[in-house]
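**Q** The listed protein sequences derive, respectively, from chains A and B. The first sequence runs 2 to 693 under our numbering. The second sequence runs 1057 to 1185 under our numbering. Every residue gets a Cβ at the ideal spot worked out from N, C-alpha and C, and that includes glycine.
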Amino acid sequence: MLVHIDGPWSPLLGRLALSEIPYNNPILVGTFVFAALLAVILVGLVTYLGLWRTIWRDWLTSVDHKKIGIMYILIGLVMLFRGFMDAVMMRAQQAMADGPHSAGYMDSPHGYLTPYHFDQIYTAHGTIMILFAATPLLVGIMNILVPLQIGARDMAYPYLNAVSLWLTAAGAALVMASLFIGDFAHAGWFGIVPVMELPYSPGVGVDYWMWAFQLSSIGTTLGGINLLATIVKMRAPGMTWGRLPIFTWASLSANLISLSTFPVLSVALALLALDRYLGTHFYTAGLGGNLMLYNDLFWIWGHPEVYFVILPAFGMISEIIPTFSEKPLFGYLGMVLASLGIAGVSWGVWLHHFFTMAASPAVNAFFSITTMAVGIPTGVKVFNWAFTMFRGRLRFELPMMWASAALFYLLVGGLTGMMNAFTTNDYMVHNSVFVVAHFHMMLLLIVYAIFGGVNYWFPKVFGFRLEQRFGKIFFWLFTAGTAVVFIPMFTLGFMGMTRRLAYVAFPQWRPLLDIEVVGIVIYLLSAVFLVAQLYVSFRDRAQNRAGLDAWETSRSLEWMTHSPVPFYNFAVTPEVHARDERAWRVEHGVDTVRPERYEDIHMPRNTAIPLWLGALSFGLAFGLVWRMWWLTEVCGLAIFALIVIRSFDRDTDYTIPAADIERMERAIRDVPSGRPVVAGVRGAVPAFRQGV
Amino acid sequence: MTHTTDNAWEHPEVQLAGGGYIVAFVVGLALMGLSLWMVRGHVFAPTGLAVAISALAAVAAFVQCVLLLHMTVSRTQVWQTVALVLFIPLFVITIGLTSWMFHGLYRRTMMMPATHVARPATPTRPRGA
Ligand code: HEM
Ligand SMILES: [Cu+2]
Chain A
2 MLVHIDGPWS
12 PLLGRLALSE
22 IPYNNPILVG
32 TFVFAALLAV
42 ILVGLVTYLG
52 LWRTIWRDWL
62 TSVDHKKIGI
72 MYILIGLVML
82 FRGFMDAVMM
92 RAQQAMADGP
102 HSAGYMDSPH
112 GYLTPYHFDQ
122 IYTAHGTIMI
132 LFAATPLLVG
142 IMNILVPLQI
152 GARDMAYPYL
162 NAVSLWLTAA
172 GAALVMASLF
182 IGDFAHAGWF
192 GIVPVMELPY
202 SPGVGVDYWM
212 WAFQLSSIGT
222 TLGGINLLAT
232 IVKMRAPGMT
242 WGRLPIFTWA
252 SLSANLISLS
262 TFPVLSVALA
272 LLALDRYLGT
282 HFYTAGLGGN
292 LMLYNDLFWI
302 WGHPEVYFVI
312 LPAFGMISEI
322 IPTFSEKPLF
332 GYLGMVLASL
342 GIAGVSWGVW
352 LHHFFTMAAS
362 PAVNAFFSIT
372 TMAVGIPTGV
382 KVFNWAFTMF
392 RGRLRFELPM
402 MWASAALFYL
412 LVGGLTGMMN
422 AFTTNDYMVH
432 NSVFVVAHFH
442 MMLLLIVYAI
452 FGGVNYWFPK
462 VFGFRLEQRF
472 GKIFFWLFTA
482 GTAVVFIPMF
492 TLGFMGMTRR
502 LAYVAFPQWR
512 PLLDIEVVGI
522 VIYLLSAVFL
532 VAQLYVSFRD
542 RAQNRAGLDA
552 WETSRSLEWM
562 THSPVPFYNF
572 AVTPEVHARD
582 ERAWRVEHGV
592 DTVRPERYED
602 IHMPRNTAIP
612 LWLGALSFGL
622 AFGLVWRMWW
632 LTEVCGLAIF
642 ALIVIRSFDR
652 DTDYTIPAAD
662 IERMERAIRD
672 VPSGRPVVAG
682 VRGAVPAFRQ
692 GV
Chain B
1057 MTHTTDNAWE
1067 HPEVQLAGGG
1077 YIVAFVVGLA
1087 LMGLSLWMVR
1097 GHVFAPTGLA
1107 VAISALAAVA
1117 AFVQCVLLLH
1127 MTVSRTQVWQ
1137 TVALVLFIPL
1147 FVITIGLTSW
1157 MFHGLYRRTM
1167 MMPATHVARP
1177 ATPTRPRGA
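1. Once DSSP output is grouped into helix, strand and coil, what is the label at residue 1185/B?
2. From 169/A, 520/A, 673/A, 580/A, pick the residue whose C-alpha is nearest to that of residue 225/A; which is it?
3. With a CB to CB cut of under 7 Å and the five nearest residues on each side skipped, what residues in its chain are close to residue 313/A?
4. Who are the Cβ neighbours of residue 1123/B in its own chain at under 8 Å, not counting the five residues just before and after it?
5. Quick one: residues in its chain with C-beta nearer than 6 Å to the C-beta of residue 171/A, no 5 flanking neighbours on either side, listed in chain order?
6. Assuming residue 603/A and residue 653/A are in contact, meaning their beta carbons sit under 8 Å apart, how far apart are those beta carbons, in whole angstroms?
7. Under 8 Å between C-beta atoms, does residue 1156/B make it to chain A?
8. In this structure, does DSSP put residue 555/A in helix, strand or coil?
9. Quick check: is the beta carbon of residue 1150/B nearer than 8 Å to any beta carbon in chain A?
10. Taking Cβ to Cβ, would you say residue 358/A is nearer than 8 Å to residue 296/A?
11. Measuring from the CB of residue 350/A, is there a heavy atom of ligand 2 at a distance below 7 Å?
12. Using C-beta distances below 7 Å, list every residue in its chain close to residue 285/A, excluding the 5 sequence neighbours before and after it, in chain order.
13. Looking only at its own chain, which residues have a Cβ that is under 8 Å from the Cβ of residue 595/A, when we skip the five neighbours before and after it?
14. Determine, using beta carbons only, whether residue 423/A and residue 369/A come nearer to each other than 8 Å.
15. For residue 643/A, return the contacting residues in chain B, with the cut-off set at a CB-CB distance below 8 Å.
16. Taking the alpha-carbon positions, what's the residue 87/A to residue 533/A distance?
17. Curious, which full-length alpha helix (DSSP H) runs of at least 4 residues does the region 163 to 251 of chain A contain?
18. Skipping 5 residues on each side, what residues in its chain have a beta carbon closer than 6 Å to that of residue 301/A?
19. For residue 182/A and residue 629/A, I'd like the C-alpha separation in whole angstroms.
20. I want to verify the contact list: residues of chain B whose CB lies under 7 Å from the CB of residue 261/A, in sequence order.
21. Checking contacts by CB at 8 Å: is residue 1164/B closer than that to chain A?
22. Confirm, please, whether the CB-CB distance from residue 356/A to residue 427/A is below 8 Å.
23. For a cutoff of 8 Å on Cβ pairs, would you count residue 1160/B as touching chain A?
24. Can you tell me the Cβ-Cβ gap for residue 453/A and residue 484/A, rounded? I've got them flagged as a contact below 8 Å.
25. Would you mind sorting residue 20/A into buried or exposed? The rule is 16 or more other CB atoms within 10 Å of its CB.
26. Any beta carbon from chain B within less than 8 Å of residue 364/A's own beta carbon?
27. In terms of residue numbering, what span does the beta strand (DSSP E) encompassing residue 603/A cover?
28. For residue 1132/B, count the other beta carbons within 10 Å of its own beta carbon; 16 or more makes it buried, fewer makes it exposed. Which is it?
29. Using three-state DSSP, classify residue 657/A as helix, strand or coil.
30. What does residue 352/A reach in chain B if we use C-beta pairs closer than 8 Å?
31. For the alpha helix (DSSP H) that contains residue 296/A, what are its first and last residues?
32. With residue 50/A as the anchor, note down where its alpha helix (DSSP H) starts and where it stops.
33. For residue 47/A, verify whether its CB is less than 7 Å away from any heavy atom of ligand 2.
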């Protein structure tokens, strides 16, 4: 039944052999030494500080939504760094391998990377940035914020939440493992069909890509279910749909997308797995297979996915702008409808990713129009943000800088997207670096929103503000790097440069490619200031302690509990009176009132089972990649057994007595939040005025 | 957490189940076996076969909706039904638009004799014969 594969195979190691370890590639050996050193230092440090117990008890086995969120964000940051290094390598290669006379190093005809290696790098870059950087960062932020914004104790399914985290971690680990054991796919992040079929990619690269993708897909689907159930069922009393904070609305629409489209991805990849393992013919060129079917299925997920990542970003921008404009959000209802509208339209536009596939003109025209229709709800949002700022008391602190700069990316990315949406235009620019520049504008918008969000909510989660001086230098350098990389890239796109070139044939393009390298160097430099910002913030954390409301003009529910948030979130589940509850309480002078009476709190208990499930899924996928059937079987059975065993566990929760809560609450000393009074209004603003 | 129970018997889904799950499982297996047999044995002409297995698939979906998901409009179950109803437009969009696209696509890209489309070309037959 299994497809026969040429080449060595042993029952114990499957296709794995010593020759699969790239010990003769200096780049990979260097990377390995770097990673190993980092690991040794970290392990040493943790041992020296005696932190193993804490890490195990408070983090790895935790089901606390805040800690899970932080771990998601850590995974996202590590993978962001990895993806960034891939980008540095690609830029360097294209600048070196330009023109027939360009020199070649390390067995490569031009530049320093062979085409085979270069192809793996861009595949890894795309896969990592979308699935293992942007998605975990945003899922992490939603994980932390949604329960806080709706006044819940935790997610609806805390255990499932940890399972999702560790599945994502297993996927990320699989991508990383492919660096040092075997190789990665060379068929592009979306799988160029039929290149990712077995006859054209007989190695393990595509298998690594496919199973890592699959793990993250399952993890994100489960996470989507969890967030939806949380928002629908766990809202605090008084939190009607009309009072739901706007970020929560954005998360709701985003997760409607993830729940309805990630399963399509899972099926698309499962069919590919059947092709590659059992020899079926879903996507083959002959024997009844259909290449286009893959493109179709992939992008049915792929386009909604881009909106899955952008909607939470929009949500963060919508929270940051009112706080630093000292005004309520303009057009709340419009914002909500626009989010749901974007989610709705996102299901009907996927074909714009393959306009050139030869569908009939009517089909292309239809999808061209639906694609342009996305601009309408997006435009509504932009105007709402603009009107929120209009005549506001604008404060350009770091979160606001990131959020308002994000709007520029939305403008550039959205307009170039509209250009791509014209089928006639797309026939010109499809597969050129113009498209690459377009979606990088969109993804940078997300990165900017994430940096804004991290700066904004950091004090809520950790109890102290991030330092702003280095932070601003980081912001400006990062922005300069973006301009210097992407303006030349748009230009090159217009000049006809296609994407994914390991060798650039035209020496005339050299100057622009060199400028892009300068941009990458600026990016690298900016990273130094990010590290400086984090270091200084941590060093001076005592001076930068934040009160309940770190920015003094925040509006939503999460700013009503302590910073850092205690593990039970709210000592007493808050009663919600208004859309901007915090602003409402400030205006009514009840923001510092402490509850008279505490109640028992019912909490989920920590468990190590999700961690084991993640580790076992890694083993399962690793066994599948290398066709080590015994490993696959052992891990598969163990996963099944663990799930069954866990279902008999009755001891999954506990209760904190009211007296303990009271004692803990009295021990917390909140830094007072300053609230200047202007024109007789506490909070110095028309603090409470429901959206116009 | 507003509502929780460790006792599986208290969940409405479980109480509703009765023997339904087993029946659904057996019926599902039977329907799948039947369609497999029909396809492997080519018991009908291709069009008839497509119609027949689609009908069987519809029956299987119905059985699952009723016996596994308990889609009724009762208070505890109505949300399952609502979820299905919300899913229908998606189904129409994705499957409908996809078939529309493929309908035109085949005429444009698969310019080959009908025999090749119906069954795999035999490699021994000389070109143009
Ligand atoms: C107004 C909104 C948008 C429009 C009209 C639009 C339009 C398009 C079109 C027509 C393409 C296909 C170009 C081609 O391959 O020839 C495209 C590609 C792409 N867009 Fe957008 N887009 C929009 C928003 C977004 C957003 C919000 C994101 C991500 C957050 C995004 C990410 C991408 C990606 C990743 C690709 C390329 C995928 C690939 O080929 O690898 N776009 N966009
Ligand atoms: Cu798209």
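**A** According to the data block:
1. In this predicted model, residue 1185/B has a pLDDT of only 35, less than 50, meaning its place in the structure is not dependable enough to derive any value.
2. 169/A
3. 139, 142, 143, 251, 252, 255
4. 1076, 1077, 1079, 1080, 1083
5. 216, 615, 618, 619
6. Contact doesn't hold; Cβ gap of about 11 Å is too wide.
7. yes
8. coil
9. Yes, because at least one Cβ of chain A sits closer than 8 Å to the Cβ of residue 1150/B.
10. yes
11. yes
12. So the qualifying residues of the chain are 195, 198, 276.
13. 666
14. yes
15. Near residue 643/A there are no residues of chain B at all, since even the closest Cβ is about 18 Å away, more than 8 Å.
16. 23 Å
17. 206 to 234
18. For residue 301/A, where only same-chain residues beyond five positions count, the Cβ hits under 6 Å are 265, 351.
19. 14 Å
20. What residue 261/A touches in chain B: 1146.
21. So, interface residue.
22. yes
23. At a cut-off of 8 Å between beta carbons, residue 1160/B contacts chain A.
24. Wrong, their Cβ atoms sit about 18 Å apart, outside the cutoff.
25. exposed
26. yes
27. 602 to 605
28. exposed
29. strand
30. 1153, 1157
31. 292 to 326
32. Careful: residue 50/A lies outside any alpha helix (DSSP H) and carries neither H nor E.
33. no
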